[in-house]
């Protein structure tokens, strides 16, 4: 596959993420920040986000695995993930965090 | 003046992508030109947030520094470094953003604009952060819509 075709495929894939609400306007802002002085910025920040998010999600899963869930500990992880996902435009993830926080507030382990 | 557009399917696809991006950039980054050299400090423990906030500020020509905890922020300011704007996350390690760091910075007699940010906002968080000494409180993400008016105001 040649470069132009790959670029088109990427563009379409990103577009579908916008349409599905996986990404929101904040991601567009980040794309707009990439220029010749920061040519790989979007890729770098996504990598950064994913690495940190993976660690946090592992911690969340670990916490949820306990018999007695420490909800306030869980809450601080979810809070952090919500912050970074909203900053990067990961809309669905941000919404998921909000839902998780609500369930956590209600001490609802099943939720 | 006549503008010649490139022809050919492959190159025009790429140009559309680049032109679209450029147009979007102009649209999204509400362009302002600052007259003065502004400086800002970003205090955020989350690397993704801190990097994005700093880059957003830099894109407007604001000289920014970043620290990832409350104590470093207080130490930096105590050393005499002056900032026009401090953007501080509510929850910080070592010295909490809300209670400790913000209050300490204000207690040092620093009157610059402080913008409190947080991932989750509720009325009680907002009141508490404002009471601690921030001037403005916004829910993450930090975006041009909130930032540009503040920069304009600081620029005079």
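Chains as they are written, first to last, in full-length UniProt numbering: chain V, 1 to 111; chain R, 1 to 156. The beta carbon of each residue, even a glycine, is placed where N, CA and C say it ideally should be. Keep in mind it's a predicted model, so treat the numbers as computed, not measured.
CA nearest to the CA of residue i, picked from the options
i	options	result
residue 35(R)	42(R), 62(R), 45(R)	62(R)
residue 191(V)	62(V), 31(V), 63(V), 68(V)	The structure shown does not extend to residue 191(V), since chain V is modelled only from 1 to 111, so the question has no answer here.
residue 107(R)	156(R), 94(R), 134(R)	134(R)
residue 82(V)	46(V), 20(V), 53(V), 43(V)	53(V)
residue 109(R)	81(R), 92(R), 127(R), 147(R)	81(R)
residue 94(R)	78(R), 67(R), 33(R)	67(R)
residue 151(R)	42(R), 44(R), 60(R), 43(R)	60(R)
residue 185(R)	76(R), 33(R), 32(R), 148(R)	Outside the displayed span of chain R (1 to 156) sits residue 185(R), for which this structure offers no information.
residue 104(V)	84(V), 71(V), 85(V), 6(V)	71(V)
Residue i at chain V interface by Cβ criterion, 8 Å
i	result
residue 33(R)	no
residue 119(R)	yes
residue 59(R)	yes
residue 112(R)	no
residue 64(R)	no
residue 46(R)	yes
residue 6(R)	Model confidence at residue 6(R) stands at a pLDDT of 42, short of 50, so the residue's coordinates are unreliable; what they give is reported in the following sentence. Chain V, which has no Cβ nearer than 8 Å to the Cβ of residue 6(R), makes this no.
residue 55(R)	yes
residue 51(R)	yes
residue 91(R)	yes
Closer than 8 Å to chain R by CB, residue i
i	result
residue 101(V)	yes
residue 18(V)	no
residue 95(V)	no
residue 105(V)	no
residue 15(V)	no
residue 82(V)	yes
residue 168(V)	Absent from the structure is residue 168(V), since the part of chain V shown begins at 1 and ends at 111.
residue 45(V)	yes
residue 64(V)	no
residue 52(V)	yes
residue 23(V)	no
residue 49(V)	yes
residue 88(V)	yes
residue 6(V)	no
residue 33(V)	yes
Same chain, Cβ closer than 8 Å to residue i, five either side skipped, listed in chain order
i	result
residue 102(R)	88, 114, 116, 129, 132, 133, 134
Residue i: CB within 7 Å of a non-hydrogen atom of the ligand HEM
i	result
residue 153(R)	You won't find the ligand HEM in this model; it holds no ligand whatsoever.
Within chain B, the residues that residue i reaches when beta carbons sit closer than 8 Å
i	result
residue 26(V)	In the structure shown, chain B cannot be found, because the protein chains are V and R.
Same chain only: Cβ atoms within 7 Å of residue i, ignoring 5 sequence neighbours per side
i	result
residue 154(R)	38, 84, 85, 113
residue 12(V)	none
residue 125(R)	90, 118
residue 27(V)	88, 89
residue 98(V)	82
residue 146(R)	138
Same chain only: Cβ atoms within 6 Å of residue i, ignoring 5 sequence neighbours per side
i	result
residue 8(V)	none
residue 65(R)	41
(message) Under 8 Å: do the segment 117-124 of chain R and the segment 72-84 of chain V share three or more Cβ pairs, one atom per stretch?
(response) yes
(message) Runs of 3 residues minimum, wholly inside the UniProt domain "Response regulatory" (39-155) of chain R: which ones carry the beta strand (DSSP E) assignment?
(response) Within the UniProt domain "Response regulatory" (39-155) of chain R, the runs of beta strand (DSSP E) at least 3 residues long that lie entirely inside it are, in chain order, 39-43, 63-67, 85-89, 113-118, 136-139.
(message) I want to know whether the segment 45-62 of chain R touches the segment 125-144 of chain R - three or more CB-CB distances under 8 Å.
(response) yes
(request) Tell me, please, whether the segment 68-75 of chain R touches the segment 57-77 of chain V by the rule of three or more beta-carbon pairs shorter than 8 Å. (result) Between the segment 68-75 of chain R and the segment 57-77 of chain V, the count of Cβ pairs shorter than 8 Å is below three; the stretches do not touch.
(request) Could you say if the segment 84-100 of chain R and the segment 92-99 of chain V meet the contact criterion of at least three C-beta pairs nearer than 8 Å? (result) no
(request) Take every Cβ of the segment 57-65 of chain V, pair it with every Cβ of the segment 25-40 of chain V, and state whether three or more of those distances are shorter than 8 Å. (result) No contact exists between the segment 57-65 of chain V and the segment 25-40 of chain V.
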